[in-house]
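Peer 1:
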Amino acid sequence: MPLEYPKPQPQQSESVLVPAIVSSPSKKNSIKCRSVEEMLRDEEVRARFVLPHKVISAKRGLDHGLEHLVTLLRAKRSSLYRPRRLPPVFLTPPPIVDVTREIGRWHEVIRQLRVTNARLDAEYASLLTQNEEDIFDRLDE
């Protein structure tokens, strides 16, 4: 006579399994399926997911702040809003640089440097020739 194994009976209340991150000492974080009822029994999970009073009051404050912001934006769009005056420093445009004038000025500077360089070269050459003449004159004496 074969042995009969008991058939697994379905649970009375099927609970939904939810993946949850569970901290364990051996592993940093492990994902484990837990039922919703089990998660709601856990105090840490309830504290994290059930909205406490502070969160609700913060949301009310945020809604009030958004209403205030909308009011300000409507006032800005209307004729009642006057932008504050900027100091005159910001109203003056930056000076416009005439590029051709700047290029011409630098060309003039370069031309003067070339003239000065040519003059110095001529003076240096004349000094060399004078020194050579002086040396030859001394040798002749």
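Okay, so the sequence shown: first residue is 0 according to numbering that gives the first Met the number 0, each after it adds one. Built from N, CA and C at the ideal position, the CB exists for glycine as well. Please read all numbers here as calculations on a predicted model, not as lab measurements.
What residue does the alpha helix (DSSP H) around D120 start on, and which one ends it?
Peer 2: Locating residue 120 in the sequence shown gives position 121, counting from the first residue. Note, D120: alpha helix (DSSP H), V98 to D139.
Peer 1: Out of curiosity, what's the CA-to-CA distance linking A121 and E131?
Peer 2: Against the sequence shown, residue 121 aligns to sequence position 122. Against the sequence shown, residue 131 aligns to sequence position 132. Their backbone Cα atoms lie some 15 angstroms apart in a straight line.
Peer 1: Taking just the CA atoms, how far does D97 sit from L126?
Peer 2: As a working mapping, residue 126 is identified with position 127 in the sequence shown. As a working mapping, residue 97 is identified with position 98 in the sequence shown. One C-alpha to the other measures close to 44 angstroms.
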